[in-house]
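UniProt numbering numbers the first residue of the sequence shown as 1 and each following residue consecutively.
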Amino acid sequence: MTDLNGQVALITGAGAGIGCAMVAAFVAAGARVFAVDRSGEALEALRAGVATPEALDTLEADVTDPAAIAAMLAGAQARFGPVDIVCNNAGILDRMMPLDETDDAMWGRVLGVNLTAPMRLTRAALPDMLARGRGVFVNTCSIASFQGGRGGVSYTVSKHGLLGLTRAVAATYGARGIRCNAIAPGSVKTDLAAGAPPSDAGWELRKKGLATRPPQAGGDDIAPVALFLASEDARYLNGALIVADAGWTVY
Ligand SMILES: NC(=O)c1ccc[n+]([C@@H]2O[C@H](COP(=O)([O-])OP(=O)(O)OC[C@H]3O[C@@H](n4cnc5c(N)ncnc54)[C@H](O)[C@@H]3O)[C@@H](O)[C@H]2O)c1
1 MTDLNGQVAL ITGAGAGIGC AMVAAFVAAG ARVFAVDRSG EALEALRAGV ATPEALDTLE
61 ADVTDPAAIA AMLAGAQARF GPVDIVCNNA GILDRMMPLD ETDDAMWGRV LGVNLTAPMR
121 LTRAALPDML ARGRGVFVNT CSIASFQGGR GGVSYTVSKH GLLGLTRAVA ATYGARGIRC
181 NAIAPGSVKT DLAAGAPPSD AGWELRKKGL ATRPPQAGGD DIAPVALFLA SEDARYLNGA
241 LIVADAGWTV Y
C-alpha cells in the first residue's frame, strides 16, 4: 500500500469532490493533512467524516486571497510541521463560456482561482522545501489542459497554464529535490458544475463532449492517482501529466 507516513500534506479545495477524496486517501496512507477550503460548512463535514481526526486540521480560506496563502502554510507548519506535499486542487468552472461571451470578471475569477492561486501557493511553499532539499506538488489539471473544447476559454486557458506551471517548476527545481506533477481528470461526478451551468453557447460545446464520454468517475477514482504522485512510488516522475479519463481523450 502507498505509504505517506510522517508526511505533511496541504490540500486546497479539500471540502468537496476530488479534494475531499484526496484527504481521505492521504490520511488512510498515514499523512497528516491540512485541508483548505472556502466553505466552512464543507470543512465541518470533512472533519466529521475523517477516520483519524488527529491527522486532520482545516482552514477556511479563499485561495485567491494572498494573505491566506501565508496563513495556510503557517497553519500547517504550526499544527503538523513543515509541509512536504502541496496539492493545488481548488478550481472553478467558467460556464463553458466562449471568448465572445467572456467578460473580464469571468476571466479574472477563473484565472485567479485555477492559476494565480496555485502559482502563489507554490512560490510560497518552495523556499522551505528547497532548504530541506525535498518537496512534492500535485496539481489538479484537466483534460482541458491539452484540449480546446472541454471548457470555456477561461477554464481552458487556466488549465493549460496550470500544466505550464507544473512543467516549469519541475524543470527549474527538479535537480534540487522538488517534484511537481499533475493529474488530468476527465469527467468526475462532483458539484463543480453546480453553481456554473453552461451558457447557451457553452451547451453546444458540452454536447459534443458528452457524445463520447465514458461513465463519470467519482472523486475516489482520482484520489489514488494523487496519492501515487505524492508518494515515493512516483520518485522518477517530474513534470508529468497523468490523464485519468477512462480513455475519453483517446477516442
Ligand atoms: N469534476 C470534474 O469533472 C473535473 C474534471 C477535471 C478537472 N477537475 C478539477 O478538479 C478540481 C476539483 O474539482 P471538483 O470536481 O472536486 O469540484 P468541487 O466543486 O466538487 O470541489 C471544489 C472545492 O474547491 C473549493 N473552492 C473553490 N474555489 C475556492 C477558493 N477560491 N478557495 C478555496 N476553496 C475553493 C470549493 O468550495 C469546493 O469545496 C478542480 O481544479 C477542477 O478544475 C474536475
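Glycine included, each C-beta is placed from N, C-alpha and C at the ideal position.
This one's a predicted model, so the numbers in the text were calculated from it and none came from an experiment.
Between the alpha carbons of D84 and E204 lies a gap of roughly 42 Å. If you draw a straight line from the Cα of I69 to the Cα of A16, it comes to about 20 Å. N181 is bridged by DSSP to V138. Proximity of the beta carbon of V157 to ligand 1 is not indicated: no heavy atom of the ligand is located closer than 7 Å.
Here P53 has R47 as same chain residues with Cβ atoms under 8 Å from its own Cβ, once five neighbours each way along the sequence are excluded.
Within the stretch 1-79, the runs of beta strand (DSSP E) at least 3 residues long that lie entirely inside it are, in chain order, 8-12, 32-37 and 56-60.
In this structure, S154 has its CB at a distance of at least 7 Å from all heavy atoms of ligand 1.
As the crow flies, the alpha-carbon of L210 is around 10 Å from that of W248. Under DSSP, N88 shares a beta bridge with N139. Excluding sequence positions up to five before and after V50, its CB lies within less than 8 Å of the CB of V23, A24, V27 and L56, all in the same chain and listed in chain order.
The criterion of a C-beta distance shorter than 8 Å is not satisfied by L121 and C141. A direct Cα-to-Cα measurement between E232 and T58 gives close to 25 Å. The closest heavy atom of ligand 1 lies less than 7 Å from the beta carbon of R38. Counted as a single uninterrupted DSSP element, the stretch harbouring A217 is not any beta strand (DSSP E), since DSSP gives it neither H nor E. Within the chosen limit of 7 Å, ligand 1 does not reach the beta carbon of L210 with any heavy atom.
Taking the Cβ of L192 as the reference point, at least one heavy atom of ligand 1 falls within a distance shorter than 7 Å. Exclusion of the five residues before and after D191 leaves A16 and G17 as the residues of its chain whose Cβ lies within less than 8 Å of its Cβ. Secondary structure of A125 (DSSP, three-state): helix. Only residues of its own chain outside the window of five on either side were considered, and among them R120 have a CB closer than 7 Å to the CB of P66, listed in chain order. In chain order, I92, D94, S154, Y155 and S158 place their CB closer than 7 Å to the CB of V110, counting only its own chain and leaving out the 5 sequence neighbours on each side.
Taken through DSSP and simplified to helix, strand or coil, A211 comes out as coil.
When the alpha-carbon of C20 is set against those of P82, G6, V250 and S39, the nearest one is in S39.
According to the DSSP assignment, L192 belongs to no alpha helix (DSSP H), since it is labelled neither H nor E.
Taken atom to atom, the span from the alpha-carbon of C87 to that of D100 is near 33 Å. In its chain, beyond the 5 residues on either side, S154 have a beta carbon closer than 7 Å to the beta carbon of W107. Here DSSP, grouped into helix, strand and coil, assigns L163 to helix.
Judged by DSSP in its simplified three-state form, V188 adopts strand.
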